[in-house]
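Enquirer:
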Amino acid sequence: MEATAGTGLAEAPAVDAPVSEALAHDTPGDPAPARPVAHQRPAVTELRLSAFGRHRAAVFPLGPVTLFAGPSGSGKSQALGAYEALAGLASGATLETVFPDPSARVPERAVPDAQRRRGFRIGCTVDGPAGPVRLDLAVQAEPTLRVVGERLVQDGQILLSTALRDPGRRSVQAGWLTGGSVGVTRAPLPDDRLGTALLPLRVAGSTAGQRRVLSAAEQVVVALRSVFPCDPRPERMRAAVAPGAGRLAGDCANLADVLRRTRDECGTRHALLTEAARTGCAGPVAALAVRDLADGSVAALLDRGPGRPGTGLDRLGSGELRFLALALVLLTGPGVLAMEPAAELLSARQALTVLADDFDRGLDRRQGAELLRLAQLCCARGQVRLVAAVGEGCAGTARGLPGVSVVDLAP
-6 MEATAGTGLA
4 EAPAVDAPVS
14 EALAHDTPGD
24 PAPARPVAHQ
34 RPAVTELRLS
44 AFGRHRAAVF
54 PLGPVTLFAG
64 PSGSGKSQAL
74 GAYEALAGLA
84 SGATLETVFP
94 DPSARVPERA
104 VPDAQRRRGF
114 RIGCTVDGPA
124 GPVRLDLAVQ
134 AEPTLRVVGE
144 RLVQDGQILL
154 STALRDPGRR
164 SVQAGWLTGG
174 SVGVTRAPLP
184 DDRLGTALLP
194 LRVAGSTAGQ
204 RRVLSAAEQV
214 VVALRSVFPC
224 DPRPERMRAA
234 VAPGAGRLAG
244 DCANLADVLR
254 RTRDECGTRH
264 ALLTEAARTG
274 CAGPVAALAV
284 RDLADGSVAA
294 LLDRGPGRPG
304 TGLDRLGSGE
314 LRFLALALVL
324 LTGPGVLAME
334 PAAELLSARQ
344 ALTVLADDFD
354 RGLDRRQGAE
364 LLRLAQLCCA
374 RGQVRLVAAV
384 GEGCAGTARG
394 LPGVSVVDLA
404 P
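Under my numbering, the first residue of the sequence shown carries the number -6, and numbering increases by one thereafter.
1. How should Gly384 be labelled, buried or exposed, when 16 other C-beta atoms within 10 angstroms of its C-beta is the threshold for buried?
2. Thinking C-alpha only, which one of Val119, Gln133, Cys117 and Ala83 is nearest Ala103?
3. Considering only the alpha carbon of each residue, which of Ala238, Ser43, Leu152 and Arg195 lies closest to Gly202?
4. Should Glu211 go down as buried or exposed, given a rule of 16 or more other Cβ atoms within 10 Å for buried?
5. So the beta strand (DSSP E) Gly361 belongs to, where does it begin and stop?
6. Which residue spans inside the stretch 188 to 225 form an unbroken alpha helix (DSSP H) run of at least 4?
7. Per DSSP, what kind of secondary structure is Leu402 in: helix, strand or coil?
8. Can you check which of these residues, Leu138, Arg162, Gly161 and Thr171, is closest to Ser154 by C-alpha distance?
9. Under three-state DSSP, which class holds Gln147?
10. Which residue from Glu77, Met230, Asp148 and Glu101 puts its Cα closest to that of Thr90?
11. Would you call the stretch 185 to 197 and the stretch 210 to 230 touching, i.e. three or more CB-CB distances under 8 Å?
12. Rounded to a whole number of angstroms, what is the C-alpha to C-alpha distance between Leu248 and Ala275?
13. What separation, rounded to the nearest whole angstrom, lies between the Cα atoms of Val58 and Phe92?
14. Assuming Asp185 and Val140 form a contact by the criterion Cβ under 8 Å, report the distance between their Cβ atoms to the nearest whole angstrom.
15. For the 8 Å Cβ check, are there 3 or more pairs between the stretch 225 to 241 and the stretch 300 to 320?
16. Apply the 10 Å Cβ neighbour rule to Gln343 and answer buried if 16 or more other Cβ atoms are within range, or exposed otherwise.
17. Identify whether Pro122 lies in helix, strand or coil by the three-state DSSP scheme.
18. Residues in its own chain within less than 6 Å of Pro125 by CB, not counting five upstream and five downstream?
19. Can you check whether the C-beta of Ala246 is within less than 8 Å of a C-beta belonging to chain D?
20. Which residue marks the beginning of the alpha helix (DSSP H) containing Phe316, and which one marks its end?
21. Using the three-state DSSP reduction, which class does Leu42 fall into: helix, strand or coil?
22. Does the distance from the C-beta atom of Leu379 to that of Ala368 stay below 8 Å?
23. Can you check the stretch 84 to 144 for any beta strand (DSSP E) of at least 3 residues that lies completely inside it and give the ranges in chain order?
24. Leaving aside the five residues before and after Asp296 along the sequence, list all residues of the same chain whose C-beta is less than 8 Å from its C-beta, in chain order.
25. Hey, how far is the Cα of Val291 from the Cα of Leu252?
26. Is Gly386 close to the ligand HEM? I mean its beta-carbon at under 7 Å from any heavy atom of the ligand.
27. Where His263 and Val322 are concerned, what is the direct C-alpha to C-alpha distance, given to the nearest angstrom?
28. For Leu348, which of helix, strand or coil comes out of DSSP?
29. When DSSP labels each residue in this structure, what does Asp296 get in the three-state scheme?
30. My output table needs one value for Ala275: the three-state DSSP class, helix, strand or coil.
31. Using a Cβ-Cβ cut-off of 7 Å (strictly less than) and excluding sequence neighbours within five positions of Gln360, which residues of its own chain qualify?
32. Apart from the five residues on each side of it in sequence, which residues of its chain come closer than 6 Å, Cβ to Cβ, to Ala235?
33. For Leu286, name the three-state secondary structure that DSSP assigns.
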């Protein structure tokens, strides 16, 4: 895309340069870094908001547990929203789906160019067996939502570059590394989808260059697709539910059905959740029980022990319900969550990333501290990662904890 005043799009590393030129040179100002020990599971290790909402030139390293803290309006939710949008695009969603209000993502005080165009830029780095791979995306939000530039880079080598050449066509010109006598393959790609996610369908893998492109693209797609956005809604969790597949929804409304499944199939995890409930719920907790109702639905309750009546989820406080749901998400895996992890790798080689805005909403300090303990325990193994927005109370508890990073955003 041509330089667009005020959007930050013009700062992209020549994402709109001629494809042949862009692929012939390393990314300007981005020398090949010394490759660290690769992650065994693909994981997003850096989020870049070059021009997105209130963020400009923002680079956020992401560890096993990353908490965004700051006052209202500091951009915590925007950071998680950018991550979730990249995850949706990697899963094949369109721009319109992941950015239903694209103008709200345009940087504040951005000035449109002569063609009234404004946009935003986001990106990430994914580490894994192929080493660090950078993905950067430039999006035009106005007057028409479309991709105007995308770049996939590994060790300073551009593997994929796209650019908008003809505004009258709903496509971008793409070029990806082929190697051999061909050098670069050029073809149009849709301007409403992530080109990196389409490469496995377009690249044959018959040359070393093509295989390198496929390896990098698949690593990025696997990491971004292995995301579970979670926002427990207590008002939806209290009612009995119809038995189903036992896969937890993002709002956790079917918590009772999932507890039924973990009780029957995941004894160890169910026991760990019960132990956590003893800290996060008021009163004694002997077990997390599930009962079948006459109408065929199932309801969950806290078993208070011999001689004590149980307490149904409908009687629990909002903080207790959010605590139970978040603890379950941290202790479980993709097979119990309503998500479609990448099929390219076995689940044992994937890292699930939990995205949680307002992670500590409605929780007291004791509940927040226990969830942080669970996050440390689960995320230290590399199978689960947590990226969350938290209040100052939870952030204060988290500062200095091993394996936990707190990103303080200014107002």
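Glycine included, C-beta positions come from ideal geometry on N, C-alpha and C. Given the structure is predicted, the values throughout are model-derived calculations rather than measurements.
Expert: Answer, in terms of the structure:
1. Taking the sequence shown and counting its residues from 1, one reaches residue 384 at position 391. Counting the other CB atoms within 10 Å of its CB gives Gly384 a total of 16 or more, which places it among the buried residues.
2. Reading the sequence shown from its first residue, position 110 is the one you call residue 103. Here the closest residue by C-alpha is Gln133.
3. Within the sequence shown, numbered from 1, the residue matching residue 202 stands at position 209. Out of Ala238, Ser43, Leu152 and Arg195, Leu152 has the C-alpha closest to the C-alpha of Gly202.
4. Mapped onto the sequence shown, residue 211 falls at position 218. Buried, since its Cβ has 16 or more Cβ neighbours within 10 Å.
5. Within the sequence shown, residue 361 is the residue found at index 368, counting from 1. Note, Gly361: premise wrong, no beta strand (DSSP E); alpha helix (DSSP H) at Arg358 to Cys372.
6. Counting only runs of 4 or more, we get 188 to 195 and 201 to 218.
7. To locate residue 402, count along the sequence shown from 1; it is residue 409. In this structure, Leu402 counts as coil in the three-state DSSP scheme.
8. As a first step, residue 154 is located in the sequence shown; it is residue number 161 there, counting from the start. Cα-wise, what sits closest to Ser154 is Thr171.
9. Locating residue 147 in the sequence shown gives position 154, counting from the first residue. Of the three classes helix, strand and coil, the one that applies to Gln147 here is strand, per DSSP.
10. Reading the sequence shown from its first residue, position 97 is the one you call residue 90. Measuring from the Cα of Thr90, the nearest candidate turns out to be Glu77.
11. Yes, the stretch 185 to 197 touches the stretch 210 to 230.
12. Numbered from 1 along the sequence shown, position 255 holds the residue referred to as residue 248. Numbered from 1 along the sequence shown, position 282 holds the residue referred to as residue 275. Answer to the nearest angstrom: the Cα atoms are 19 Å apart.
13. Here residue 58 refers to the residue found at position 65 of the sequence shown. Here residue 92 refers to the residue found at position 99 of the sequence shown. For Val58 and Phe92, the distance between alpha carbons rounds to 26 Å.
14. Residue numbering aside, residue 185 sits at position 192 when the sequence shown is read from its first letter. Residue numbering aside, residue 140 sits at position 147 when the sequence shown is read from its first letter. Taking 8 Å as the upper bound for CB-CB distance, Asp185 and Val140 are in contact here, some 7 Å apart.
15. A contact exists between the stretch 225 to 241 and the stretch 300 to 320.
16. The count along the sequence shown starts at 1 and reaches residue 343 at position 350. Buried.
17. As a working note, residue 122 is residue 129 in the sequence shown. Reduced to three states, the DSSP call for Pro122 is coil.
18. Here the question's residue 125 lines up with position 132 in the sequence shown. Answer for Pro125: Thr118, listed in chain order.
19. Here there is only one protein chain, and chain D is not present.
20. Translated into the one-based positions of the sequence shown, residue 316 becomes position 323. If you look at Phe316, you'll find it in the alpha helix (DSSP H) that goes Ser311 to Leu324.
21. As a first step, residue 42 must be located in the sequence shown, where it is residue number 49. Reduced to three states, the DSSP call for Leu42 is strand.
22. By one-based count along the sequence shown, residue 379 stands at place 386. By one-based count along the sequence shown, residue 368 stands at place 375. In contact: Leu379 and Ala368 (Cβ atoms closer than 8 Å).
23. Counting only runs of 3 or more residues that sit fully inside the stretch 84 to 144, the beta strand (DSSP E) segments are 111 to 120 and 126 to 135, in chain order.
24. Residue 296 sits at position 303 when you count from the first residue of the sequence shown. Answer for Asp296: Val278, Ala279, Ala280, Leu281, Ala282 and Gly303, listed in chain order.
25. Start at 1 with the first residue of the sequence shown, and residue 291 comes out as number 298. Start at 1 with the first residue of the sequence shown, and residue 252 comes out as number 259. C-alpha separation (whole angstroms): 10 Å.
26. The ligand HEM is not part of the structure shown, which contains no ligands of any sort.
27. Locating residue 263 in the sequence shown gives position 270, where the first residue counts as 1. Locating residue 322 in the sequence shown gives position 329, where the first residue counts as 1. Computed Cα separation, rounded: 12 Å.
28. As a working mapping, residue 348 is identified with position 355 in the sequence shown. Reduced to three states, the DSSP call for Leu348 is strand.
29. Mapped onto the sequence shown, residue 296 falls at position 303. Strand.
30. Working through the sequence shown from its first residue, we reach residue 275 at position 282. The three-state secondary structure of Ala275, taken from DSSP, is coil.
31. In the sequence shown, counting from the first residue as 1, residue 360 sits at position 367. Contacts found: Gly273, Gly312 and Phe316.
32. What you label residue 235 is simply residue 242 of the sequence shown in a count that begins at 1. Close CB contacts of Ala235 within its chain, under the 6 Å cut and outside five residues either way in sequence, are with Ser290 (chain order).
33. As a working note, residue 286 is residue 293 in the sequence shown. Coil.
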